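Here is the structure we will look at, set down as structure tokens.
Protein chains in written order, with full-length UniProt numbering: chain S, 1 to 288; chain R, 1 to 318.
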């Protein structure tokens, strides 16, 4: 056999092996999370290596405990879910309201400073969030916004805006100008054009951006920690889970149930929209 | 905003009659006004929540501010170099910077190498490819708090599965406290970083790989190039610009990272990165001035690194 054949054959097998390894490495932690969340803590301590759950030991008591309100002896995750959901939805909607016109303008209209806007967003996107956190911490403390979900929403909007505008802008640029021009000839004004022509055409991209914003806001940790730590009834799921995990009182299996509760919405959303999202995120990548 | 938005459906020709006191706006100027009006909310939010805070951090870095004295301090109190001086000479500062650098480099290289391998193996279609690709993105989209928690439990010396099987199958003498001993903590955190962010590199590299024209490889094959040679001489040169770009992006993002290290180790066992240190100054010591000074140092160091990088690789990135 010549070198080419040897390489081709061995690489074919190597490739399968590597794919398998990648699958295990990426999926296993999530599988492990799920398995631990339905095992009683005593069983886990006895046999930490088990990879499957026996029928006898399967339990959902962990979920009951993590979801129940603290008054009923649970960990109050239902409240956290409500907080997280509220914050994430509000941040998503408001980001879109701000980002869509902005992205349209950057993509279509020539105005003073248009080129600088791009650079500004990149700089903002890459700037350390801890640098921004300090004065926000100060301001929110002064303004009494610490501990308010509204303050958090405001921060999340600013965090998701750069990428949202960037993604939407890229998409708007792919819509043929001639479509908008024909609408203009038919008598539509600028806002009419945006509403009747550009928006419907950009719907896939808008959905992708909405999903991205929702995920960022749902997953966010640092700002929630800085602003909400003193108010347990305002905690988001991420914050609640991390703070409870610091202590020793709550069994690990119960917290695993909490992790599943935190992760599941994101995973469902992600698998439902994977194609949309990955294409949206990398749509600008080919150029680079 | 209402003053600048042009009226709907008005064409410039209709505005001509009657000698106007003000000259009607040209289409070009109307477009410019509409553009500014539409982009204004975005700019306002960005400036209010990001621009002003950045400037303010710089101001705070040169003031003596603590959370307790906050109400008394104005925006333009007396300025002092104390904070910067204190930050640069506090024990542990150089260590923190060094750890941050190792962590960022390790995380960047690790995630790009993993991402490259992943992109290469799923490049060609096979059954179940969509599912494999989606699964590979899981670490990146899952909530950071959940994945760090799972890693903590997996690596736990008592009930973690890694130590259990390590002792059983690999013959480890004693459980390894991966995240709490100096010799392994930083490496573990870097491994986590590579695991969590390789999908980012993977996405970009895969998109670029798929844009490489098939004829290029075909021609090389006809000329007798083996698969590894084709990778080395055809694919890699095509990928280099993306790899260089990913290098900057990942380095910057890792350098700024707070959540991952804070959640995994809390900055103990030799893993204290600058962001975690800033957070400690801010909350535990409530020393806002020092925290701000630290943050400014972080930003300056970062900018210097990026400039150096761009100097060497600038042409490739561009």
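Note that CB positions come from ideal geometry on N, CA and C, so glycine has one too.
All values reported here derive from a predicted model rather than from experimental measurement.
Can you find a CB in chain S that lies within less than 8 angstroms of the CB of residue i?
i: residue 319 of chain R; result: There is no way to answer for residue 319 of chain R, as the model of chain R reaches only from 1 to 318.
i: residue 6 of chain R; result: Legend: pLDDT at residue 6 of chain R = 47, less than 50; position of this residue unreliable, value from coordinates given subsequently. Yes, residue 6 of chain R lies at the interface with chain S (some Cβ there is under 8 angstroms from its Cβ).
i: residue 154 of chain R; result: yes
i: residue 35 of chain R; result: yes
i: residue 259 of chain R; result: yes
i: residue 263 of chain R; result: yes
i: residue 164 of chain R; result: yes
i: residue 39 of chain R; result: yes
i: residue 12 of chain R; result: Annotation note: pLDDT 47 at residue 12 of chain R (below 50); position unreliable, no value reported.
i: residue 117 of chain R; result: yes
i: residue 195 of chain R; result: yes
Residues of chain S with CB closer than 9 angstroms to the CB of residue i, please, in chain order.
i: residue 31 of chain R; result: 108, 109, 110, 111 and 190
i: residue 172 of chain R; result: By Cβ distance, chain S contributes nothing, its closest Cβ being about 13 angstroms from residue 172 of chain R, past 9 angstroms.
Could you tell me which chain R residues have their CB closer than 8 angstroms to the CB of residue i, listed as they occur along the chain?
i: residue 30 of chain S; result: 138, 142 and 150
i: residue 128 of chain S; result: 255, 256, 275, 295, 298, 299 and 302
i: residue 228 of chain S; result: Those within 8 angstroms of residue 228 of chain S in chain R number zero; the least Cβ separation is about 13 angstroms.
i: residue 44 of chain S; result: 159
What does residue i touch in chain R if you count any residue whose Cβ is under 7 angstroms from its own?
i: residue 219 of chain S; result: 143 and 144
i: residue 114 of chain S; result: 35
i: residue 15 of chain S; result: 121
i: residue 263 of chain S; result: 142, 143 and 146
Using a beta-carbon distance below 8 angstroms, is residue i in contact with chain R?
i: residue 201 of chain S; result: no
i: residue 27 of chain S; result: yes
i: residue 213 of chain S; result: no
i: residue 238 of chain S; result: yes
i: residue 80 of chain S; result: no
i: residue 252 of chain S; result: yes
i: residue 122 of chain S; result: no
i: residue 85 of chain S; result: no
i: residue 289 of chain S; result: Since the first and last residues shown for chain S are 1 and 288, residue 289 of chain S lies out of range.
i: residue 272 of chain S; result: no
i: residue 59 of chain S; result: no
i: residue 206 of chain S; result: no
i: residue 23 of chain S; result: yes
i: residue 93 of chain S; result: no
i: residue 266 of chain S; result: yes
i: residue 145 of chain S; result: no
i: residue 234 of chain S; result: no
Measuring from the CB of residue i, is there a heavy atom of the ligand FMN at a distance below 7 angstroms?
i: residue 154 of chain S; result: By its list of ligands, the structure shown contains no ligand whatsoever, and the ligand FMN lies outside what it can speak to.
List, in chain order, every chain S residue whose beta-carbon is nearer than 7 angstroms to that of residue i.
i: residue 56 of chain R; result: 135
i: residue 42 of chain R; result: 98, 99, 102, 161 and 165
i: residue 53 of chain R; result: 132, 135 and 136
i: residue 134 of chain R; result: 271 and 274
i: residue 288 of chain R; result: 134 and 138
Of the choices the options, whose alpha-carbon is the least far from that of residue i?
i: residue 99 of chain S; options: S:195, S:168 and S:228; result: S:168
i: residue 199 of chain R; options: R:212, R:233, R:250 and R:169; result: R:250
i: residue 87 of chain S; options: S:7, S:119 and S:151; result: S:151
i: residue 52 of chain S; options: S:61, S:36, S:66 and S:63; result: S:36
i: residue 205 of chain R; options: R:132, R:189 and R:242; result: R:242
i: residue 41 of chain R; options: S:276, S:162, S:147 and S:182; result: S:162
i: residue 45 of chain S; options: R:282, R:164, R:83 and R:219; result: R:164
i: residue 209 of chain R; options: R:235, R:190 and R:37; result: R:235
i: residue 46 of chain R; options: S:61, S:95 and S:6; result: S:95
i: residue 65 of chain S; options: S:89, S:38 and S:49; result: S:38
i: residue 70 of chain S; options: S:235, S:270 and S:246; result: S:235
i: residue 64 of chain R; options: R:310, R:288 and R:307; result: R:288
i: residue 259 of chain S; options: S:178, S:275, S:238 and S:273; result: S:238
i: residue 195 of chain S; options: S:97, S:3 and S:248; result: S:97
i: residue 61 of chain S; options: S:264, S:261 and S:257; result: S:257
i: residue 265 of chain R; options: R:166, R:188, R:215 and R:302; result: R:188
i: residue 114 of chain R; options: R:255, R:28, R:193 and R:228; result: R:193
i: residue 66 of chain R; options: R:286, R:307 and R:296; result: R:286
Quick one: list the residues of chain S neighbouring residue i, beta-carbon separation under 8 angstroms, in chain order.
i: residue 227 of chain R; result: 4, 7, 8 and 11
i: residue 60 of chain R; result: 134, 135 and 138
i: residue 127 of chain R; result: The premise fails here: residue 127 of chain R is roughly 11 angstroms from chain S at the closest Cβ pair, so nothing lies under 8 angstroms.
i: residue 46 of chain R; result: 120, 121, 124, 158, 161 and 162
i: residue 49 of chain R; result: 132, 136, 154, 155, 157 and 158
List, in order along the chain, the chain R residues whose C-beta lies closer than 9 angstroms to that of residue i?
i: residue 49 of chain S; result: 161, 164, 165 and 168
i: residue 117 of chain S; result: 39, 42 and 43
query = Can you give, in chain order, each stretch of the alpha helix (DSSP H) that sits fully within the stretch 15-75 of chain S and has at least 4 residues?
reply = Counting only unbroken stretches of 4 or more residues, the alpha helix (DSSP H) elements lying wholly within the stretch 15-75 of chain S are 41-46 and 61-67, in sequence order.
request  = Just list the alpha helix (DSSP H) runs in the stretch 195-255 of chain R, keeping only unbroken ones of 4 residues or longer that don't cross its boundaries, in chain order.
outcome  = Runs found: 214-222 and 227-230.
query = Which whole runs of the alpha helix (DSSP H) in the stretch 224-272 of chain S are 4 residues long or more, in chain order?
reply = DSSP assignment within the stretch 224-272 of chain S yields the following whole alpha helix (DSSP H) runs of 4 residues or more, N-terminal first: 237-246 and 252-272.
key: 4-residue-minimum alpha helix (DSSP H) runs that sit fully inside the stretch 75-108 of chain R, ordered along the chain   = Runs of the alpha helix (DSSP H) inside the stretch 75-108 of chain R: 82-89.
key: 3 or more residues per run - each beta strand (DSSP E) lying fully within the stretch 113-185 of chain S   = Taking only runs of at least 3 residues, no beta strand (DSSP E) segment lies wholly in the stretch 113-185 of chain S.
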